[in-house]
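Inspection log for the structure reproduced underneath, given as structure tokens.
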Ligand code: XMP
């Protein structure tokens, strides 16, 4: 069994970040619901347990509480934020509402440098707090190992039991040395090795895929995005020609998208690829449609229809492979007041209908996005595919405001290719979440040479984001904006004006629609 750390999720916004920090320490990490029974945890035999933060107060009526037996499993425990309060309360300490909510930067002073969490760290360092309640009486057998201005119990330990608690958040970037604290927990306290690497993962995954699939055939819908591309490359490595990929051209793809997929997967990887060009059908159905939700529905439904027909053409298969990722399978904690739980992705196209009688093959469903990218590189996928920015399923249809016509698609495609090209050339493309062009349906007057023009406007959108839920607009240098504007108005016929979108999300969204 893979050596692992388990996190009990009490509904914190940052639980997945803790998991990523553990995995960056080359140790596998699973996220479990806060009330997972201790015997189930024992079955997984984790080398250590992390109690995450959470939005509640331990004394709230509906506070999420763990099975108390988890403290008798004889494994190290690290309580973070709400987790330290849980740990302290169950161990007989006292937690009370703080005088003031401690939020933001704090200065940690380590009192006992022999504490294995801090052995590699300086005596003082910056940490990030975000909590209301605080520990006011130490549980028996515990002692303080670090303090902040506002807390005498910023870090506590019961060394022989191997129980540790942190009042601050070691996982966030505002605790600059926090990743090291987590690394110390998993290696020095839990005794984990460093076996979790994408290089090692390939062998394990290949074996698992072969075992699951046997001699059956697998179909995979390739979108050209990172997840389905990496899943395809991995499955192909495991079962070669038993895999057939289907790529549907829905008429609202970006420039060269169809060519790149055929080049990379068909020609380089020699994966069996069925290319279904259904552009005409999609565009016919989108004719005259203005409402973005209707566009989405039409594209979603037509995709299923075309994909189903294509699966018949390529022949019977038992498995349908999908590039599902770990954040999609973690059971979210429905805790009131947890904003992360409430703004879950609202528009992810619901996948294929259940009546398609396939068994699912989801070989990357335990991975985070950054791991998937790493895996893609290990598998030899080009950087162009691995470091692609996210692209919405309904494609350019949600970036052409108003009616989607072949001419508008062509204009947007050309403008967008210029944006992508310049963002890549300047090194900005990989640094940010998304950068793209949007076509506005209004036309305005301009002059070109001696002629009066009456043409479209292109808006440029560039945003930074962790997960698409919130976003900041990127302060691109004027030189890049100037170049984009000049190139788009010079090279794209039908455009005489370029704007730069300076709205963040909220209140705007990333796509314009
Ligand atoms: P919004 O526009 O809601 O976008 O701020 C957040 C993230 O989701 C992507 N997005 C979509 N992805 N189907 C998708 O698969 C959609 O209909 C869709 N709409 C938005 C968007 O590109 C951004 O990354």
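Residue numbers (our numbering): 604 to 1116.
Glycine is no exception: its CB is placed at the ideal position from the N, C-alpha and C atoms.
Nothing here was measured: the structure is a model prediction, and the numbers come from that model.
Coarse secondary structure for residue i, derived from DSSP in three states
i	result
residue 948	Annotation note: pLDDT 38 at residue 948 (below 50); position unreliable, coordinate value reported separately. In this structure, residue 948 counts as coil in the three-state DSSP scheme.
residue 772	coil
residue 992	coil
residue 854	coil
residue 732	strand
residue 764	coil
residue 1105	coil
residue 818	coil
residue 922	strand
residue 780	coil
residue 1096	coil
residue 686	helix
residue 621	helix
residue 710	strand
residue 681	strand
residue 662	coil
residue 862	helix
residue 824	strand
residue 651	strand
residue 699	strand
CA-to-CA distance, residue j to residue i, given in whole angstroms
i	j	result
residue 666	residue 882	52 Å
residue 894	residue 617	35 Å
residue 940	residue 654	Only weak support exists for where residue 940 lies, its pLDDT of 46 falling under 50; the value from the coordinates is given anyway. One C-alpha to the other measures close to 19 Å.
residue 1012	residue 728	53 Å
residue 1089	residue 829	31 Å
residue 858	residue 1019	8 Å
residue 912	residue 849	11 Å
residue 612	residue 735	18 Å
residue 699	residue 682	17 Å
residue 944	residue 987	Note on residue 944: pLDDT 40, under 50, position unreliable in the model; no value is reported.
residue 1067	residue 773	23 Å
residue 1084	residue 672	59 Å
residue 831	residue 711	43 Å
residue 576	residue 909	Residue numbering for the chain in the displayed model covers 604 to 1116; residue 576 lies beyond these limits and cannot be assessed.
residue 800	residue 605	12 Å
residue 752	residue 1006	59 Å
residue 708	residue 781	13 Å
residue 901	residue 885	8 Å
residue 981	residue 744	47 Å
residue 951	residue 899	Here residue 951 scores only 43 on pLDDT, less than 50, and its place in the model should not be relied on; the value that follows carries that caveat. If I take the Cα positions, the gap works out to 10 Å.
residue 622	residue 1034	22 Å
residue 1060	residue 876	37 Å
residue 765	residue 695	16 Å
Contact test: residue i Cβ vs the ligand XMP heavy atom, cutoff 7 Å
i	result
residue 1037	yes
residue 725	no
residue 709	no
residue 1071	yes
residue 1112	yes
residue 996	yes
residue 899	yes
residue 993	yes
residue 1001	yes
residue 671	no
residue 1108	yes
Contact check, residue i vs residue j, beta carbons under 8 Å
i	j	result
residue 1095	residue 1017	yes
residue 1063	residue 1098	no
residue 608	residue 649	yes
residue 691	residue 714	no
residue 770	residue 740	no
residue 783	residue 724	yes
residue 1069	residue 964	no
Run of the beta strand (DSSP E) containing residue i, from where it starts to where it stops
i	result
residue 1037	1037-1051
residue 1064	1054-1067
residue 632	631-636
residue 749	746-751
residue 715	Taken as a continuous stretch (DSSP letters only), residue 715 belongs to no beta strand (DSSP E), as it is neither H nor E.
Terminal residues of the alpha helix (DSSP H) in which residue i lies
i	result
residue 973	972-981
residue 892	Element bounds for residue 892: n/a, residue is neither H nor E.
residue 1032	Neither: residue 1032 is in no alpha helix (DSSP H) and is coded neither H nor E.
residue 829	829-842
residue 881	Careful: residue 881 lies outside any alpha helix (DSSP H) and carries neither H nor E.
residue 931	929-932
Residue i beta carbon near the ligand FMN (any heavy atom closer than 7 Å)
i	result
residue 1045	Ligands displayed in this structure: the ligand XMP; the ligand FMN is not among them.
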